[in-house]
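No gaps in the numbering here: position 51 of the sequence shown is 51 in the UniProt record's numbering, and each next residue is one more. Backbone N, C-alpha and C define an ideal beta-carbon position, used for all residues, glycine too.
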Amino acid sequence: MAIVNVSDQSFNTEIQGQGTVVVDFWAPWCGPCKMLAPILDELSTELGDGVKIAKLNVDENPETASRFGVMSIPTLIFFKDGQPVDKVVGLNSKESLKNIVAKHQ
1 MAIVNVSDQS
11 FNTEIQGQGT
21 VVVDFWAPWC
31 GPCKMLAPIL
41 DELSTELGDG
51 VKIAKLNVDE
61 NPETASRFGV
71 MSIPTLIFFK
81 DGQPVDKVVG
91 LNSKESLKNI
101 VAKHQ
């Protein structure tokens, strides 16, 4: 499944429903965020339709970032059936992220 960009306005629509959604809270000036992007691309390819990956630019969408208590970026929040079930802050390996996704599928 392709990675989708979400905003404060589209956030609820994109994460609702069945299944697992990984939301990447990031900003263009963030070095670790830039390093995480290709890892998320690979994860998206490997996991296919099993997981949706969404990216939310915290500079442009502060409301959602604040709502979920995002203080540092990158922050990944894992949603299952529309509810947050896990959260990791900072750069993580692809294997680590795959393990977290597998735990919630």
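In the DSSP annotation of this structure, the continuous segment of the alpha helix (DSSP H) that includes F11 starts and ends at F11 to I15. For D41, the uninterrupted alpha helix (DSSP H) run begins and ends at G31 to L47, by DSSP.
Taking L40 as reference, the option from N5, S10, S72 and F11 with the minimal CA-CA separation is N5.
For L56, the enclosing beta strand (DSSP E) stretches over residues V51 to N57. Secondary structure note for V101: its alpha helix (DSSP H) is the uninterrupted segment K94 to K103. In the structure shown, P62 falls within a helical segment according to DSSP collapsed to helix, strand and coil. For the set F11, A2 and I3, the Cα lying nearest the Cα of V58 is the one of F11. In this structure V88 touches I100 by the C-beta definition: roughly 7 Å separates them, less than 8 Å. By the Cβ-count criterion, T13 is exposed, with fewer than 16 other Cβ atoms from all chains shown falling within 10 Å of its own Cβ.
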